[in-house]
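Inspection log for the structure reproduced underneath, given as structure tokens.
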Amino acid sequence: MKEFLKSLGVKKIFFGAGNRNAPLLKDLEEFELVFGLDERSLAFEALGLAKISQVPVVVCTTSGTAVAECFPAIIEAYYSNIPLIILSADRPLALRGTRSPQTIEQDKIFGKFVRTFWEGEPHELDAKLQVSYPLHLNLFVDQEGVGQKKQSRPDQQILSDASKHGVAIFTEGSGGYSEEFEKITRLGLSSYNEIHSGLNKQGSILFEKDLLKAFSKGQVDYLIKFGKTPVTKLWRLLNSKYQNIAVFSYQSDYTGCFGGERLDNLDRFSQQTRPHIINSDLSPFLEEFPNSEMSLIYNFINKTENDAIIFLGNSMPIRYADFCKNLDRKYIASRGANGIDGQVSTAAGIARGSENKVYAILGDLTYIYDFTRQFWGLPSNLEIVVINNFGGRIFERVESDERIILEHAHKFDELWDLRLHTLKPDRDETNLFWKRWINE
């Protein structure tokens, strides 16, 4: 990849912060790198540089909607004959069409507005490739190891084996599955309900941590997904560590991972004995770390009106809300493609469609991404809540290059006269809370 870009005369790369494209950095260090948040803005900046220099300029994006954000600049480059290159990281080809997290169909996403499209593994890029601009290079980045270890999963016969244990996961779009929930409970299956499932019932497994522990202990043989693709980290691990687990998607063709099957009814199940899965006690952590991100979010939601709508932004708020399942509110999130773009605007649309108070809980980078929406009449029933930890701290959890954290010093409530709640977590408390929570 590096030699190919050099052969085109590339000198500068605008790098949109993301986890999927972070592994590409090791091959891009010889170029001048400019890091940024908003791919739409980065693409136009790259366009401007390419326009005045007439030298090809690259925009490197993570997977998902980040790629689509480059579309306006690509259109301009097409009609102005500007040498703009989009270098998009994609999830493994085996996951295309499964609706796996942050996986969209990136192949030829720009249609006729790129004159050359190529996709493959980064090492397959050949300097002999004949290109015309704009150029889109879509690179499969296999962080999960799907391509190396892909194996078939058990089929539906496992459902009638009383010695096997299953877990039902209810996620967004599960509000109409109350009868199914009652049936799988009677049959002895365990259940885990994500906070935005719309199912007003408590699963037998409360927290994601305890769900993951059940898998690591070998207590689970198969999964049934009700609703859309789950938020839980487990759904990524199904493509690597837990390829031996059978996965079924209830009344849906999209399993969110490779090798899963559609399940149309619950007729094949045998009565089973539910294994003893211990649920963690959250209270001591909230008391010991009151200034952690998790505690601040919990306490804020706890003070909202009982009929409030809580809009949970990507990436961390939707995950930390796992701790708030005992707080009975209506929770909504944008988990189709998991992007951080347009979250303020989405929350505004939800508020316009409701008479209830809507609280949008967003990370600081998510807020910045859609910041300008606030200047033109937000609905009066919408409150914006920003968790300002001064950068994309989620990348610290996955040990990514620190440059993509995009650390900043902005204190939003001091810079602008806006209707805004700012939560200011203590970083040390947050990290200690998380470390102890995961390891205990």
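Going by the working numbering, the first residue of the sequence shown is number 14, and it counts up by one from there.
Note that the Cβ used here is the ideal one computed from N, Cα and C, for glycine as well.
No experiment lies behind these values; they were computed from the predicted model shown.
When Asn32, Gly133, Pro36 and Glu43 are compared, the shortest CA-CA separation from Lys24 is found for Glu43. Phe261 is bridged by DSSP to Ile237 and Glu274.
Counted as a single uninterrupted DSSP element, the beta strand (DSSP E) harbouring Val47 occupies residues Glu45 to Gly49. For Trp450 and Phe298, the gap between their C-alpha atoms comes out near 8 Å.
For Thr129, the enclosing beta strand (DSSP E) starts and ends at Thr129 to Gly133. In this structure, Lys230 is the residue among Phe239, Lys230, Arg365 and Lys254 with its C-alpha nearest to the C-alpha of Ile290.
For the 9 Å CB-CB criterion, Val80 and Ile117 form a contact.
Arg249 and Phe153 have their C-alpha atoms spaced approximately 16 Å apart.
Restricting attention to Val357, Gly273, Pro85 and Gly216, the CA atom closest to the CA of Leu108 is found in Gly273. Its Cα nearest to that of Thr75, the residue Gln119 stands out among Ala140, Gln119, Lys39 and Ala90. Just so you know, the alpha carbons of Leu62 and Asp51 end up roughly 17 Å apart.
The three-state secondary structure of Ser393, taken from DSSP, is coil. In the structure shown, the three-state DSSP call for Ser54 is helix. By the Cβ test, the stretch 377-388 is not in contact with the stretch 135-149, since fewer than three Cβ pairs between them sit closer than 8 Å.
With the rule of 3 Cβ pairs closer than 8 Å, the stretch 162-177 does not count as touching the stretch 120-128. Taking C-beta atoms as the reference points, Ala361 and Pro392 count as a pair closer than 9 Å. As DSSP reads the structure, His149 sits in a beta bridge with Ile99 and Phe130. The continuous stretches of alpha helix (DSSP H) do not include Phe28, which lies in the beta strand (DSSP E) extending over residues Lys25 to Gly29.
Relative to Glu82, the option among Lys64, Ile98 and Ala56 whose CA is nearest is Ala56. Here Arg365 is exposed, its C-beta having fewer than 16 other C-beta atoms within 10 Å. The Cβ atoms of Phe27 and Glu58 sit closer than 9 Å to each other. Between Ser283 and Ala175, the C-beta spacing is below 9 Å. Annotation for Gly404: Asp377, Leu378, Ile418, Leu419, Glu420 and His421 place their beta carbon closer than 8 Å to its own, counting only its chain and skipping 5 residues before and after.
DSSP, reduced to helix, strand and coil, places Ser165 outside both helices and strands of the structure shown, so it counts as coil. By the C-beta density criterion, Lys241 is buried, having at least 16 other C-beta atoms within 10 angstroms.
Rounded to the nearest whole angstrom, the C-alpha separation of Val71 and Ser308 is 41 Å.
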